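One structure is given below, encoded as C-alpha cells.
Residue numbers (the numbering used here), protein chains in the order written: chain L, 1 to 310; chain S, 1001 to 1310.
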C-alpha cells in the first residue's frame, strides 16, 4: 500500500510509476497533465545546467550536498561565502546543530571562542544584513498568483522560490524546505556566512525579512535531514563526537570538470513550468480525487535531474 | 552563533534562553509576550493531560513515539486502529518507507502478498474513507483568522490543527508536520489503518480531503524524522534489513500507569493560546526585527511538556 510520492526534486529515471499517465483512448475528456506527465514531456530547453560558479559542494563522509547559491538576492554574502570556501575555511569544521522540524546548521564549533576560533584570512567574519534586496536587482520574477499570507507576492526567480513586496520595492528568497541561510546572533549584522544552515522542516516563512538567505540544497538533502537530532538546547550537539565532520566545501567551478556533479534544474520561466505548477495546484490523478485549487510557493517542486556531459 | 529555536513542541524545562524575557523597567512600552513568555506565564488550567484512551505508544528499539489520536475526525479508523493495536497487529512489523520532505510509513512488509501477509483477526483491513467529517461532529473549533489557501477556514479543535469548509459543512485535520494518516492505494476505500504514516517535511496540505488523517505525533518525532531515507522509489526501503522493526504498539490505557509516558498539551481554547498564536503571528524579540503579521495553522506550535503524576 502506498501513499503518493513526495515533493523534493525528481532525480533519475523519468519512469515515475506513482503518477498514472493515462490518456483516454475513447474520446472521453483527457485528464490534465500530472507532474510526471509534465516532466516526461519536457524538452531540453525546459532545463538548464547548474552554474558551477554558483554551486557549492559540501562534502561529508556520507556523501555530497549540492547547494545552489543565489547571488542576486544576497550578493555580498554569496561573495563572502565563496571567499571563505576559497580559503578552505569550512574544511574540517562540522555540523553543529540539528533541530527537528527546523534546521541543520554548520560552522566552526569554536566560533565564539576568540582564542580557538578558526582564523578567517581574506573573507569577512560578519557583514551588513542582506535580509532583502531591491526588486530591481532581481531580473526575473514569475509570479505565483495564489495568495500568500507571508508576502505580498510570491513566485519564482530563476531556480528559486522567492517573494516580494511591490510597495517596499523589495525581494527576498522564500524560506522553504532546503533553503540555505546565514546564521547570526541577535544583532542583524552579526552573520557573514561563516555559519550556515539548511531548513529541514516546515517552511519557516517567519524568518523571511529577518535573516539573510543565500541559496538552497538541490541534491543530497537527505544527508542533512536524516542526521541525528542534537539533544542540547535548540538541537545543538553537546558532545564534540556527535558532530558530523565537514570533509570540505568547494565551489564547483574550482573542481576539475570530471569530478563535478552534473545536475540540471527545470527552468521556472516556461509554459512547461506553468503546467507543473498547475499540476500541483489542481492535483488530479488516480490517487487524488479532490483538487484544492491552491498551491503555496514552498510546495512547488523544482525538478532536478542528472545532467549531460558537455 | 545561533539562529532562533524551532517549532515543534516545548518539552522539559521552561528555562528557554532563546527568547529574551525582557520587560522594560524604565516605563518604556513593553514588548508583546514571546512564546517563551506565554509558556512561562501559563497556568495549570492552560494545559491538560493526554487521554490514555486516545494515545498510542509506537515503541522502536531507539525509543517511543507517542501519537495522539483524533477520533472525532475519523471515528471508524481510530476505532479500527485501536482494534489492530489490541490484537498486537503492529508488533514486529516495520517502518517500510522514509521519503525525504514527505513521510515515514509503517506497516506489514508483506501486506500485498495474500500468502504472507499478517492476518487481521478482529479488525478490518480496509474501511470506507473518512477524508472529512461533518463539522457538527467537531465540538470545538477555535478559528485562526489568518487567511489560508487550502481551506475556507483553519483553526484548532482540541489538540489538533484543523480545517473546515462551512459551505460543505465538513471538517478535517490540517495535514501538518507530525500528522499521522492512513496509507491507502489508489482506491479511496483501500486503507483502514493497518498502514500508517507520519509527515516529516513541509506540510503536504494537498493531501487534505484526499486522505484519512487520524492524529499526530506529540513526542518522539525525531525517532521517525531522522531515519535513513529509503533508496527505492518513493523512499521505500528495498532491502528487508533496512527496515526498522516496530517492537510494539500499545494504547496507553492498556499500559500499566507506572509505565505510561506522562505528557501534557497546552489547550487551544484559551486566552493563553491566543497569546501564543499572536506571539507567532507577530514575532518580535531580540532576534526578530520584522513581524510579518501572519501565521499559518501548521506553523503554530502546540506546546507539550512532561505531565505530573496523578
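Each residue gets a CB set at the ideal place from its N, CA and C atoms; glycine is no exception. As the structure is a prediction and not an experimental result, all values here were calculated from the model.
Quick check: residue 156 of chain L and residue 173 of chain L, are their CB atoms within less than 8 Å of each other? No. Outside cutoff.
Look up residue 1102 of chain S in the DSSP assignment and say whether it is helix, strand or coil. Here residue 1102 of chain S sits in coil by DSSP.
Rounding to the nearest angstrom, what Cα-Cα distance links residue 1117 of chain S and residue 1194 of chain S in this structure? 11 Å
Since residue 165 of chain L contacts residue 297 of chain L with CB under 8 Å, what's their CB separation in whole angstroms? The pair is not a contact, with the Cβ atoms about 14 Å apart (cut-off 8 Å).
For the candidate residues S:1287, S:1036, S:1110 and S:1061, whose alpha-carbon lies nearest to that of residue 1238 of chain S? S:1110
List the whole-angstrom C-beta distance separating residue 1222 of chain S from residue 100 of chain L, where the pair is believed to meet the contact cut-off of C-beta under 8 Å. Contact holds; Cβ gap of about 5 Å.
Three-state secondary structure (DSSP) at residue 1225 of chain S? helix
Kindly identify the DSSP beta-bridge partner or partners of residue 78 of chain L. Answer is none; residue 78 of chain L lacks a bridge partner.
Under 8 Å by Cβ, that's how I've got residue 1105 of chain S and residue 1096 of chain S pegged, so tell me the actual separation to the nearest angstrom. 5 Å
Does any C-beta atom of chain L lie closer than 8 Å to the C-beta of residue 1210 of chain S? yes
Measuring only between beta-carbons, confirm whether residue 172 of chain L sits less than 8 Å from chain S. no
Quick one: does residue 1039 of chain S have its CB under 8 Å from some CB of chain L? no
Where the alpha helix (DSSP H) containing residue 1250 of chain S begins and where it ends: Where residue 1250 of chain S is concerned, there is no enclosing alpha helix (DSSP H), although the beta strand (DSSP E) it sits in stretches over 1244 to 1251.
Under the assumption that residue 1304 of chain S contacts residue 1265 of chain S (Cβ atoms under 8 Å), give the Cβ distance between them as a whole number of angstroms. With 8 Å as the limit, residue 1304 of chain S and residue 1265 of chain S qualify as a contact, their Cβ atoms being about 5 Å apart.
Where residue 1299 of chain S meets chain L, residues with beta-carbon distance less than 9 Å: 202, 203, 204, 205 and 206
Stretch-stretch touch, CB-based, cutoff 8 Å, three pairs: the segment 1247 to 1257 of chain S with the segment 1078 to 1088 of chain S: yes
Would you please state the rounded distance, in angstroms, between the beta carbons of residue 1069 of chain S and residue 1214 of chain S? I believe it to be under 8 Å. With a Cβ gap of about 6 Å, residue 1069 of chain S and residue 1214 of chain S count as contacting.
With the cut-off set at 8 Å, would you say residue 1261 of chain S and residue 1158 of chain S are in Cβ contact? no
Hey, is residue 1023 of chain S's beta-carbon within less than 8 Å of any beta-carbon in chain L? With a pLDDT of 37 at residue 1023 of chain S, under the threshold of 50, the predicted position of this residue should be treated as unreliable, though the coordinate-derived value follows. No, its Cβ sits nowhere closer than 8 Å to a Cβ of chain L.
What is the rounded straight-line gap between the Cα of residue 1169 of chain S and the Cα of residue 216 of chain L? 41 Å
Do residue 202 of chain L and residue 1162 of chain S have their CB atoms nearer than 8 Å? no
Kindly indicate the opening and closing residues of the beta strand (DSSP E) around residue 306 of chain L. 304 to 306
Give the DSSP bridge partners of residue 1068 of chain S, in chain order. S:1055 and S:1216
Can you pull the chain S residues whose beta carbon is under 8 Å from the beta carbon of residue 286 of chain L, in chain order? 1186
Residue 267 of chain L, enclosing beta strand (DSSP E) - first and last residue: Residue 267 of chain L -> no beta strand (DSSP E), and no H or E assigned at all.
Keeping to the same chain, check which residues put their C-beta closer than 6 Å to that of residue 141 of chain L; ignore five residues upstream and five downstream. So the qualifying residues of the chain are 155 and 157.
Measuring CB atoms only, is the segment 41 to 50 of chain L touching the segment 270 to 287 of chain L, in the sense that at least three cross pairs come out at less than 8 Å? yes
Using C-beta distances below 7 Å, list every residue in its chain close to residue 209 of chain L, excluding the 5 sequence neighbours before and after it, in chain order. 131, 132 and 172
Looking only at its chain, what residues have a beta carbon closer than 8 Å to the beta carbon of residue 282 of chain L, apart from the 5 residues adjacent to it on each side? 32, 291, 292 and 293
Nearest by alpha-carbon distance to residue 1207 of chain S: which of S:1119, S:1176 and S:1230 is it? S:1176
Contacting residues, own chain, Cβ-Cβ under 8 Å from residue 1311 of chain S (five flanking each side not counted): Nothing about residue 1311 of chain S can be read from this structure; chain S reaches only from 1001 to 1310.
What is the DSSP secondary structure of residue 1309 of chain S, counted as helix, strand or coil? coil
For residue 1172 of chain S, which residues does DSSP report across the bridge? S:1163
Would you say residue 1034 of chain S faces chain L, with C-beta separation under 8 Å as the test? no
Looking only at its chain, what residues have a beta carbon closer than 8 Å to the beta carbon of residue 1185 of chain S, apart from the 5 residues adjacent to it on each side? 1191
Residue 86 of chain L, DSSP secondary structure in three states: helix
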